[in-house]
Amino acid sequence: MKRKVLKILIVILLISLPVILHQTYRWMTALPDRITIAAGHSEGRYYGMAEQLKSMLQEQLPIKVEILETQGSLENLKLLREGKADLGFYQPGTEFELTQREPGPKKQKRAVAPDNDEICFIANLYSQVMHVIVPLDSEIISVSELKGKRIAIGLPGSGDLAASLPLLDHLQLSLDEI
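Counting from 21, one number per residue, gives the positions in the sequence shown under our numbering.
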């Protein structure tokens, strides 16, 4: 009698094990019901990219996508770390440039990722090229003449600002001079 019960239990286990494993796999790999994208200022190019991504995701997947307007890369990174965003646009090096970097030509600290940072890179959207341009009718003909002029270098906390700082250093201009 005991052998018969044991055989029945083994058969039940063998039949139910694949079902249990399949359900566990589906549960562990299921898409979320919604995702949140930290996107930058609503007038910025990354917000437009977030809107395109939202449209594509909602067309192809059964999820709701929310876009958060932020002040830029630093806030996007903060929201990701706090779990308030699932995706975010981030200009590489922004955190280092805006919080740790010492301006000037002296030896710079190395940018190091924080310990146990659970943020990971997914995709490069495009390489950012920086140009120094002036209106055609401007009398500025050299970089040294930019001192005291108003220069668009990006909003506080933005990746554009972070990318502008090394360029300003290279051009030997400080934030106080522009």
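Every residue, glycine too, gets a C-beta built ideally from N, C-alpha and C.
Asked, Found
"In terms of alpha-carbon separation, which member of Leu118, Lys84 and Pro112 lies closest to Asp106?", "Lys84"
"State the start and end residues of the unbroken alpha helix (DSSP H) segment that holds Ala183.", "Gly179 to His190"
"With distances taken Cα to Cα, identify the nearest neighbour of Glu165 among Ile198, Lys98 and Pro82.", "Ile198"
"If the criterion is Cβ atoms closer than 8 angstroms, does the pair Leu191 and Val163 meet it?", "yes"
"Report the residue from Ala182, Gly64, Ile87 and Phe116 whose alpha carbon sits nearest the alpha carbon of Lys74.", "Ile87"
"So for Val25, helix, strand or coil by DSSP?", "helix"
"So Glu115 is in the alpha helix (DSSP H); what residue range does that whole segment cover?", "Thr114 to Thr119"
"Comparing C-alpha positions only, which one of Thr44, Leu97 and Leu41 sits nearest to Ile57?", "Leu97"
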